[in-house]
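Engineer: Encoded as structure tokens, here's the structure I'll be asking about.
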Amino acid sequence: MSSPSRKSSTTPSSGEPSTSGFHDHEKGDAAVPETTPLPVAAPPPAAAAAVSPPPDGGFVAWLQVVGSFFLFMNSWGVVNSFGVFQTFYETDFLSHETPSNISWIGSVQAFLLLMIGVSTGPLFDLGWFTTLIASGSFFIVFGLMMTSLCSAYWQVMLAQGILIGLGSGLVFVPSVAIVSTYFDSKKALATGIAVAGSSIGGVLYPIIFNQLQPSIGFGWATRVIAFIALATLLLSIAIMRVRVQPRAVRRMLDLSAFAELPFTTFSVGCLFGFMGTYIPFFYIQSYAAQRGVDPALSFYTVSVLNAASTFGRIIPNFFADRTGPLNVLVPCCLCAAVLAFSWIAIDDLAGIFVFCVFYGFFSGTFVSLPPTTVITLTRDLSVVGARMGMSFAFGGVGILIGNPVAGAILDRHGWIGLKCFCGACVLLASILCGIARMSRTTKLLGKA
Numbered sequence: 001m002s003s004p005s006r007k008s009s010t011t012p013s014s015g016e017p018s019t020s021g022f023h024d025h026e027k028g029d030a031a032v033p034e035t036t037p038l039p040v041a042a043p044p045p046a047a048a049a050a051v052s053p054p055p056d057g058g059f060v061a062w063l064q065v066v067g068s069f070f071l072f073m074n075s076w077g078v079v080n081s082f083g084v085f086q087t088f089y090e091t092d093f094l095s096h097e098t099p100s101n102i103s104w105i106g107s108v109q110a111f112l113l114l115m116i117g118v119s120t121g122p123l124f125d126l127g128w129f130t131t132l133i134a135s136g137s138f139f140i141v142f143g144l145m146m147t148s149l150c151s152a153y154w155q156v157m158l159a160q161g162i163l164i165g166l167g168s169g170l171v172f173v174p175s176v177a178i179v180s181t182y183f184d185s186k187k188a189l190a191t192g193i194a195v196a197g198s199s200i201g202g203v204l205y206p207i208i209f210n211q212l213q214p215s216i217g218f219g220w221a222t223r224v225i226a227f228i229a230l231a232t233l234l235l236s237i238a239i240m241r242v243r244v245q246p247r248a249v250r251r252m253l254d255l256s257a258f259a260e261l262p263f264t265t266f267s268v269g270c271l272f273g274f275m276g277t278y279i280p281f282f283y284i285q286s287y288a289a290q291r292g293v294d295p296a297l298s299f300y301t302v303s304v305l306n307a308a309s310t311f312g313r314i315i316p317n318f319f320a321d322r323t324g325p326l327n328v329l330v331p332c333c334l335c336a337a338v339l340a341f342s343w344i345a346i347d348d349l350a351g352i353f354v355f356c357v358f359y360g361f362f363s364g365t366f367v368s369l370p371p372t373t374v375i376t377l378t379r380d381l382s383v384v385g386a387r388m389g390m391s392f393a394f395g396g397v398g399i400l401i402g403n404p405v406a407g408a409i410l411d412r413h414g415w416i417g418l419k420c421f422c423g424a425c426v427l428l429a430s431i432l433c434g435i436a437r438m439s440r441t442t443k444l445l446g447k448a
């Protein structure tokens with residue numbers, strides 16, 4: 001008779017045909033040849049799907065990218081559009097509030113988007129994908145509709161800050177996670193195309209608002225955006241499908257990650273990166289208006305910033321699949337920091353638009369590459385969701401405080417103080433990401 005330790009060592013893993021066990025116990029090792037298969041039940045479809053590799057392309061896989069694109073368009077895209085609302089509120093019914101107070105609305109919205117992702121990951125693992133994106137879509141559309149009726153600061157905070165932030169948080173992690181289950185070697189490229197939806201939303205929604213608001217008013221201009229969001233979100237719900245159900249719910253936190261220098265420095269880098277990256281998105285239109293740029297043109301600064309960011313979220317991701325995400329993220333982030341400091345010397349129309357083009361491109365990588373970077377820095381992929389949520393939590397804190405602090409600096413030290421704060425945050429983020437890259441591999445040309 002085999003000893004208990006021997007029986008344990010020959011026990012097959014779940015879902016594999018048994019070649020020992022009962023017969024070995026009764027007749028010894030020679031009773032059944034090792035190559036003789038025993039009758040076993042076919043594995044259930046879910047188990048088979050769970051171990052199948054991602055298709056890495058195909059019509060259904062790219063449909064998920066399209067659906068994720070529209071989810072990003074109506075979550076991050078709305079956050080990227082807040083600059084036009086910031087300028088409108090400063091000059092209209094919230095003109096009695098400081099720029100710092102108004103920026104809290106957009107910051108709370110972005111903070112909830114990132115922080116709620118910590119808890120939506122486990123719900124995605126439980127198979128609640130459709131429930132998450134449907135409920136998130138409802139809150140986004142409902143929040144936009146309620147924003148169109150607002151006339152006081154607290155109302156805007158509740159509708160645009162909290163409701164839209166809550167809805168965006170519910171769809172954010174599922175929109176990233178679903179793409180990763182359909183792609184392997186093209187994961188960064190597919191994610192970049194999906195994330196580019198946030199830039200497209202940041203291009204379209206400011207133009208729509210600025211063109212419609214003077215003629216039909218704030219309320220109906222916002223409702224038009226809500227109807228567009230409703231149509232595109234319904235399309236996402238209709239075409240997106242879960243390919244693989246995880247076998248077990250992942251942990252919400254993986255505190256052991258902080259014992260790893262690459263992950264820790266990258267996460268702190270996310271805090272400073274998100275603290276500084278979105279300052280131009282919130283304030284560039286107000287800056288252009290105060291520098292005497294024609295309002296008919298200053299309205300387009302946010303759209304140009306986001307249009308350039310579209311390419312910055314796709315092209316670098318194409319190279320990230322080949323060289324590693326940190327090898328692309330670090331130089332792009334460093335370029336964004338240099339551009340942020342160069343903003344100090346820019347005060348005319350041409351310079352502002354050139355700045356928007358280049359800063360939009362290089363800053364775009366800090367939105368599209370962090371999810372892929374977390375995957376790269378995680379050895380045990382069973383905790384990748386938990387680690388992604390933890391990194392997003394750092395980013396959420398950064399984006400929550402970054403823009404209000406920038407507004408407070410603007411009130412006390414003017415535009416030069418705001419620009420220096422933006423550049424310092426992005427520069428520190430690039431240094432921390434560089435440390436994460438070098439601690440992963442010291443080879444200059446190594447993939448990381």
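Per UniProt numbering, numbering of the sequence shown is gapless, rising by one per residue and ending at 448. In this text, a Cβ means the ideal position worked out from N, Cα and C, and glycines have one as well.
(1) Just the Cα atoms here: how many angstroms apart are K443 and G219?
(2) Taking 8 Å as the limit between beta carbons, can you name the residues of its chain near M252, skipping five residues before and five after?
(3) Go ahead and label V60 buried or exposed: buried means 16 or more other beta carbons lie within 10 angstroms of its beta carbon, across all protein chains shown.
(4) Using the rule of at least 16 other Cβ atoms within 10 Å of the residue's Cβ for burial, across every protein chain shown, is A436 buried or exposed?
(5) So, does the CB of I431 fall closer than 8 Å to a CB anywhere in chain D?
(6) If you scan the segment 103-163 from start to end, which runs of the alpha helix (DSSP H) of 4 or more residues do you find wholly inside it?
(7) Inspect the CB distances between the segment 364-377 and the segment 267-277 and report whether three or more fall short of 8 Å.
(8) Count the other CB atoms, across all protein chains shown, that sit within 10 Å of the CB of A231; report buried if there are 16 or more and exposed otherwise.
(9) Within a Cβ cutoff of 7 Å, which residues of the same chain sit near F93, ignoring the five residues on either side of it in sequence?
(10) Can you find the residues in the same chain that come closer than 7 Å, C-beta to C-beta, to G143, ignoring five residues on each side of it along the sequence?
(11) With respect to the alpha helix (DSSP H) encompassing S68, which residues constitute its N-terminal and C-terminal limits?
(12) I need the DSSP call for residue 458, collapsed to helix, strand or coil.
(13) Less than 8 Å between the CB atoms is what I'm expecting for K187 and T372, so what's the real figure, rounded?
(14) Given this structure, state the Cα-to-Cα distance separating S439 from L432, to the nearest angstrom.
(15) Go ahead and pull the three-state DSSP assignment for L271.
(16) For the structure I just gave you, are there three or more beta carbon pairs, one from the segment 203-211 and one from the segment 300-308, closer than 8 Å?
(17) Does Q290 pass the burial test, meaning 16 or more other C-beta atoms within 10 Å, or should it be called exposed?
(18) Jot down the residue ranges of each uninterrupted alpha helix (DSSP H) in the segment 76-100, minimum 4 residues, whole runs only, in chain order.
(19) With 16 as the cutoff for other CB atoms within 10 Å, does S107 come out buried or exposed?
(20) Scan the segment 308-354 and note each continuous alpha helix (DSSP H) run of 4 residues or more that stays entirely inside, going in chain order.
Structural biologist: Looking at the atomic coordinates:
(1) 56 Å
(2) V118, S119, G121, P122, A386, G389
(3) exposed
(4) buried
(5) Among the protein chains of the structure shown there is no chain D, as only one such chain exists.
(6) 117-125, 129-147, 153-156
(7) yes
(8) exposed
(9) S151
(10) A159, Q160, L163, I164, G167
(11) 59-73
(12) Nothing about residue 458 can be read from this structure; the chain reaches only from 1 to 448.
(13) 7 Å
(14) 11 Å
(15) helix
(16) yes
(17) exposed
(18) 76-80, 82-91
(19) buried
(20) 315-323, 325-342
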